[in-house]
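Numbering (this note's numbering), first residue to last: 41 to 255.
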């Protein structure tokens, strides 16, 4: 769906723990736009699968659940953590799940005035006509350190090496899947956050969006 003239749709893509979620929220606040963390939708499907006792690799069960789950029925704390992140990466590789969530995401992006969406395939599949596209990345080691700090802050004692291995495994799965693989759109601007503070990332992103708005 192509944005209406004047609508500002910002696509923020990137791998796990790259900082794209934080950046998307900051951009949404700056521009006064609604924000959707599309990864939460896949986490909801994964949580529904686990709650129902299904094998997380059961594509038929996932396809059944994707059309019926209630987005308001999952407290955010039940959608966070390493286990659910890994499970979400598994269901996100299922074409039927991606197809089932496509319409929800495009409806969100089509709101009057625009929206900010972050995920893995926003600029390539969900909003290919978005006027502003960013691909946020960082080295696996930096991303693992960020996730490690986040988990420790929530009281989860997980080894750094385990988190790094999980991130590399998810990167391989997300980039190697046949349907909507993780990759930068051809017209996306790459933003490497490895050596940047949050404020520096936000400032750089706003500059990118502003240049795209006047292009």
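From the three backbone atoms N, C-alpha and C, an ideal C-beta is built for every residue, glycine too.
From a predicted model like this one, the values you see are computed outputs, not experimental measurements.
| task | Taking residue 232 as part of the beta strand (DSSP E), name the residues at either end of that continuous run. | result | Position 192 of the chain shown, counted from the start, is the residue given in the question as residue 232. Segment 229-232, the beta strand (DSSP E) holding residue 232.
| message | If you reduce the DSSP assignment to three classes, tell me which class residue 114 lands in. | response | Numbered from its first residue, the chain shown carries residue 114 at position 74. Residue state, collapsed to three classes: coil.
| query | Exposed or buried, which one is residue 251 when buried takes at least 16 other CB atoms within 10 Å? | reply | As a working mapping, residue 251 is identified with position 211 in the chain shown. It counts as exposed.
| query | When the Cα atoms are used, what is the spatial distance from residue 216 to residue 249? | reply | Here residue 216 refers to the residue found at position 176 of the chain shown. Here residue 249 refers to the residue found at position 209 of the chain shown. In a straight line, the C-alpha of residue 216 is about 29 Å away from that of residue 249.
| message | Quick test of your reading: residue 254 and residue 171, contact by CB under 8 Å. State the CB separation rounded to the nearest angstrom. | response | Within the chain shown, the letter at position 214 stands for residue 254. Within the chain shown, the letter at position 131 stands for residue 171. Actually they do not touch by this definition, with Cβ atoms about 10 Å apart.
| Which whole-angstrom value describes the C-beta separation of residue 150 and residue 82, a residue pair presumed to lie in contact below a C-beta threshold of 8 Å? | In the chain shown, residue 150 corresponds to position 110, counting from 1. In the chain shown, residue 82 corresponds to position 42, counting from 1. At roughly 20 Å, the Cβ-Cβ gap does not stay under 8 Å, so residue 150 and residue 82 are not in contact.
| said: Quick check: residue 47 and residue 135, are their CB atoms within less than 7 Å of each other? | reply: Taking the first residue of the chain shown as position 1, residue 47 is located at position 7. Taking the first residue of the chain shown as position 1, residue 135 is located at position 95. No, they are not a contact pair.
| The beta strand (DSSP E) with residue 177 in it runs from where to where? | Translated into positions along the chain shown, residue 177 becomes position 137. 172-177 is the extent of the beta strand (DSSP E) around residue 177.
| query | Who are the near neighbours of residue 103 in its chain, counting only those whose CB is closer than 8 Å to its CB and skipping five residues on each side? | reply | Within the chain shown, residue 103 is the residue found at index 63, counting from 1. Only 134, 136, 137 and 140 meet the Cβ criterion.
| Residue span of the alpha helix (DSSP H) that contains residue 69, given as start and end | For the purposes of this step, residue 69 is taken as the residue at position 29 of the chain shown. Per DSSP, residue 69 belongs to the alpha helix (DSSP H) from 60-71.
| request: State the DSSP-derived secondary structure class of residue 96, mapped to helix, strand or coil. | output: Mapped onto the chain shown, residue 96 falls at position 56. Three-state DSSP puts residue 96 in coil, outside helix and strand.
| Three-state secondary structure (DSSP) of residue 127 | Position 87 of the chain shown holds residue 127. Looking at residue 127 - three-state DSSP - the assignment turns out to be helix.
| Cα-Cα, which of 123, 237, 173 and 175 is closest to residue 186? | Along the chain shown, one-based indexing puts residue 186 at 146. Answer by Cα proximity: 237.
| message | In this structure, how does DSSP classify residue 91 when only helix, strand and coil are distinguished? | response | Position 51 of the chain shown holds residue 91. Residue 91: helix per DSSP, three-state reduction.
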